[in-house]
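Residue numbers (our numbering): 320 to 588. One structure is given below, encoded as structure tokens.
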Ligand SMILES: Nc1ncnc2c1ncn2[C@@H]1O[C@H](COP(=O)(O)OP(=O)(O)O)[C@@H](O)[C@H]1O
Ligand SMILES: [Mg+2]
């Protein structure tokens with residue numbers, strides 16, 4: 320069964336169309352990468368699935384429930400159940416600066432009615448999974464490094480044992496050591512059976528983790544395939560551009576002239 324079905328979705332901001340005819344399904348436990356350049360509509364897609372932006376056309380089914388016409392109250396109830404969680408690029412946006420790490424982590428469980436002592440036990444279980452020490456628990460987010468904060472945000476997204484976690488550029492603000500660490504943590508989550516939608520502008524970050532990759536360009540999904548297919552035989556010109564400009568995917572450095580040529584072709588198409 321699919322945890323997420325996005326069918327023919329359009330999203331407008333005023334008269335500006337940010338998504339057009341987007342179709343995307345995510346199966347239970349599947350890791351789907353969504354890649355595309357800045358402004359291609361990646362965050363809009365995440366926001367729409369979280370009920371923070373409203374589709375002007377199409378249908379969204381989350382964990383078997385058609386949420387397309389949900390009102391704010393229904394979204395709040397759905398979020399309280401913790402079926403879908405999120406991690407944003409800037410962990411300070413998902414963490415309250417005035418709450419200790421412990422309080423931030425137990426909050427989603429308290430909201431679901433889990434008693435405090437049990438919530439603390441459950442949080443302690445999740446710390447090793449995100450490679451955090453328990454001595455961080457009494458601290459405030461401002462006292463942690465960016466990498467530690469992002470791992471706290473990942474732990475917070477997991478404690479309710481959601482079916483689906485949306486990660487919008489989770490490693491883009493991290494230095495390379497922290498980026499690698501968070502990518503490993505995401506890879507390890509495969510065993511837990513949680514489905515992930517991993518959004519990035521960088522194909523290199525996504526390709527090693529995702530079962531499938533979907534490519535967004537100017538609000539449209541132009542290509543979907545296994546990570547291997549998309550990297551080895553990109554079909555759409557925009558995907559070819561992405562592949563050629565992800566140096567970590569190639570033994571040889573990306574060919575700049577070829578990239579410029581592709582970009583010029585794209586801009587003229
Ligand atoms: N709140 C908003 N109001 C108006 N336009 C927006 C808003 N958020 C995004 N957009 C526009 O929608 C398009 C897609 O943006 P976004 O989803 O943020 O792309 P990405 O995350 O891929 O960079 C862009 O043209 C952007 O300017
Ligand atoms: Mg974005």
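Glycine residues also receive a C-beta, built at the ideal position from the N, C-alpha and C atoms.
| Asked | Found |
| --- | --- |
| C-beta atoms of residue 361 and residue 518 nearer than 8 angstroms | yes |
| Cβ neighbour criterion (16 or more within 10 Å) applied to residue 464 | exposed |
| Cβ-based burial, residue 487 [other Cβ within 10 Å; buried from 16] | buried |
| Cβ-Cβ distance between residue 261 and residue 514 below 8 angstroms | Nothing can be reported for residue 261, as the shown portion of the chain is limited to 320 through 588. |
| Residue 411 (DSSP reduced to helix, strand or coil) | helix |
| Meets three-Cβ-pair contact criterion under 8 angstroms: the stretch 442-453 and the stretch 354-369 | no |
| Cβ pair residue 328, residue 377 closer than 8 angstroms | yes |
| Cutoff 8 angstroms; reference residue 434; Cβ partners in own chain excluding five residues on either side | none |
| Nearest candidate by alpha-carbon position, reference residue 416, set 559, 534, 541, 472 | 472 |
| Simplified DSSP assignment, three categories, for residue 510 | helix |
| DSSP state of residue 458 mapped onto helix, strand, coil | coil |
| Residues near residue 555 by beta carbon distance below 8 angstroms, same chain, minus five either side | 534, 536, 541, 542 |
| Bridge partner(s) assigned by DSSP for residue 323 | 345, 381 |
| Exercise answer, beta-carbon shell around ligand 1 heavy atoms below 5 angstroms | 332, 337, 357, 358, 359, 360, 361, 362, 363 |
| DSSP three-state assignment for residue 429, whether helix, strand or coil | helix |
| Span separating the alpha-carbon of residue 477 from that of residue 511 | 10 angstroms |
| Near ligand 2: residue 488 beta-carbon under 7 angstroms from a heavy atom | yes |
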